[in-house]
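When we follow our numbering, the leftmost residue of the sequence shown carries the number 6, and every step to the right adds one. Where a beta carbon is used, it is the ideal one built from N, C-alpha and C, also for glycine.
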Amino acid sequence: MTKLPVFKAIGATLAFILQHGLAVLKIAWLPAVLMCGIYLLIMPPYMNQIAAMPMDQMAPQQTMSRMLATLPMMGLLMAASVLVNLVLISGLMKLLIRGEQPRLPFYLSFSADEARLLGGWAVVFLGYCTIGLAFGASLVLSQVLASLGPGPGGIIGLVAAAVLAGVGVWFGIRVCLVSPATIELEKIAIRPAWEITEENVWRLVGFWLLLVVPMLIVASLLTPLLTAPGYLEAMSEVYAAARSPTRMQQALHHAYEVQAAGYNLSDGGNVVRLCANALLGVVASVILAIANGVAWRLMRESAEQA
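The structure is reproduced here in structure tokens:
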């Protein structure tokens with residue numbers, strides 16, 4: 006039986022970061038700079054589009070049209086983020102799995118390894134899309150059944166949505182090791198990652214919770230410093246207006262305006278906050294990617310010894 010030694014994996018993750026800190030920095034600094042550029046170039050116009058959307062009642066066609074207008078900018082943001090993370094995670098996995106040190110003061114590559122990684126991520130993304138569509142359908146079913154009158158129909162739909170949310174978490178655990186598996190096996194390694202996690206779902210849940218919860222605590226402590234001035238207060242107004250649709254729309258519009266103001270690059274404080282958010286995101290990605298690789302390596306060693 007292949008078992009993940011949870012606490013050993015956490016210790017090995019921290020030890021690897023400390024031991025290979027300079028190499029990790031060489032791999033991560035360029036993606037960090039690129040992520041800052043993405044935040045500064047793409048996020049302001051995207052948030053301005055969101056803030057410009059009126060919150061008053063609109064016909065469904067108008068609402069859909071407004072939402073579709075934001076898709077090109079959203080797609081550009083997602084594509085840029087994926088490419089930056091592709092380079093970052095590829096470099097880290099090669100260092101951890103193969104021991105390949107960056108040859109230059111930075112790492113930048115798009116070879117067969119990166120193409121395979123991208124293919125693996127695409128398969129995982131399609132899986133999430135399927136689960137997401139089923140989740141949305143369950144919510145629609147819940148609303149339809151509830152509109153038919155009193156009875157268990159609405160509850161059935163909500164239970165189905167809750168089950169699908171659990172399926173999404175389970176699916177994420179089963180495919181979480183695709184990146185290191187792909188780099189080591191030099192193929193799109195969906196099946197090996199799926200098989201090795203079969204008996205370790207709960208161990209991996211504990212492993213990720215022990216890593217992610219402290220990061221979430223740190224993020225919550227930094228939130229007041231890294232959000233636009235007045236945004237948290239604006240969001241509290243949204244919650245307070247939950248029982249009044251009119252007040253809710255007004256509060257949401259105000260919150261979007263405050264958030265968009267936080268992306269005004271003429272304010273130096275906004276530039277600092279945006280770059281800090283980008284850098285913290287890269288730091289989190291580095292820690293989680295290394296933890297991912299360590300978990301894969303330890304589980305492979307356990308499988309070989311069994």
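- Around the beta carbon of Gly26, a 10 Å sphere encloses fewer than 16 other beta carbons of the protein chains shown; the residue is thus reported as exposed.
- For Glu191, the three-state secondary structure derived from DSSP is coil.
- Every alpha helix (DSSP H) stretch that sits fully inside the region 242 to 301 and reaches 4 residues is listed by chain position as 250 to 266.
- Here Leu113 is not near Ser95, since their CB atoms are 8 angstroms or more apart.
- Membership of Arg208 in the alpha helix (DSSP H) is indicated by the continuous run 206 to 231.
- Apart from sequence neighbours up to five positions away, the residues of its chain that approach Ala33 with a beta-carbon distance below 7 angstroms are Leu93, Val287, Val291, ordered along the chain.
- For the set Ala224, Met83, Ile295, Ser271, the Cα lying nearest the Cα of Val183 is the one of Ile295.
- Closest option to Pro49, judged by alpha-carbon separation, among Trp207, Arg305, Ala265: Ala265.
- Across the set Gly141, Pro185, Glu189, the C-alpha of Gly141 shows the shortest separation from the C-alpha of Val168.
- The C-beta distance from Ala20 to Ala300 rounds to 14 angstroms, too long to fall under 8 angstroms, and the pair is not in contact.
- Counting only the Cα atoms, Ile201 lies some 9 angstroms from Lys8.
- Along the length of the region 108 to 179, whole beta strand (DSSP E) runs at least 3 residues long do not occur.
- Cα atoms of Pro219 and Leu144: separation of roughly 32 angstroms, rounded to the nearest angstrom.
- Between Leu91 and the set Ala246, Leu257, Val210, Pro185, the nearest pair of CA atoms involves Pro185.
- Distance from the CA of Tyr51 to the CA of Ile136, rounded to the nearest whole angstrom, comes to 27 angstroms.
- With respect to the C-alpha of Pro36, the residue from Phe111, Leu216, Met78, Tyr268 having the closest C-alpha is Phe111.
- In the structure shown, the three-state DSSP call for Gly235 is coil.
- The shortest C-alpha to C-alpha distance from Tyr244 to any of Thr187, Ala256, Leu209 is the one to Ala256.
- Around the beta carbon of Gly273, a 10 Å sphere encloses fewer than 16 other beta carbons of the protein chains shown; the residue is thus reported as exposed.
- The beta carbon of Phe176 lies closer than 8 angstroms to those of Gly132, Tyr133, Ile136 in the same chain, with the five residues before and after it left out.
- Between Val263 and Ala224, the C-beta gap is not smaller than 8 angstroms, which leaves the two residues out of contact.
- Going by C-alpha positions, Gly267 is about 13 angstroms away from Ala281.
- Contact check for Met78 against Ile47 passes: the beta carbons are separated by less than 8 angstroms.
- In the three-state reduction of the DSSP assignment, Cys181 falls in the coil class, being assigned neither a helical nor a strand state.
- The residue among Lys99, Cys181, Met304, Ala127 with its C-alpha nearest the C-alpha of Leu88 is Ala127.
- Under the DSSP assignment, Lys8 falls outside any alpha helix (DSSP H); it carries neither an H nor an E label.
- By the CB criterion at 8 angstroms, Leu270 and Val277 fall outside the cutoff.
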